[in-house]
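Residue numbers (our numbering): 654 to 797.
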């Protein structure tokens with residue numbers, strides 16, 4: 654035979670079909686071996702935001718103490734740290750859906766702290782409001 658017989662379009666279809674089937678089986682096999690998400694893993698990002706909010710509350714307390722001694726920059730820093738705490742809590746949406754009343758209570762305490770800072774109330778008033786937020790957010794702790 655002088656000429657080789659060319660492969661027909663059917664053989665290319667079989668090769669393409671086998672390739673697609675292999676990719677599909679590989680994807681399903683890989684997906685099947687992935688660990689199932691747990692409640693803890695789903696809430697972890699929100700809990701991280703809560704931890705960052707509590708850290709910002711510590712800064713509020715420190716800066717406000719300096720502000721009461723006449724440091725104007727610390728007054729502004731305490732306001733900014735309070736805004737940061739509020740922002741971090743707002744990003745913890747998964748926990749807010751689970752504990753709406755607690756988040757409302759934390760929001761009210763943050764409002765009270767903001768008013769106390771704005772009107773330069775004694776530090777004990779600010780600390781009491783911040784402690785309310787800390788107490789409310791303790792229930793949101795998710796261990797890594």
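Cβ coordinates follow ideal geometry from the N, Cα and C atoms, glycine included.
Any 3 or more C-beta pairs closer than 8 Å across the segment 696-712 and the segment 727-740: yes
So what does DSSP say about residue 666, is it helix, strand or coil? helix
Grab me the residues of residue 732's own chain with a C-beta within less than 7 Å of its C-beta, minus the 5 sequence neighbours each way, in chain order. 770
May I ask you to verify whether the segment 671-679 touches the segment 753-763, counting CB pairs closer than 8 Å and requiring at least 3? no
Here's the rule I'm using: 16 or more other beta-carbon atoms within 10 Å means buried, otherwise exposed. How should residue 746 be labelled? exposed
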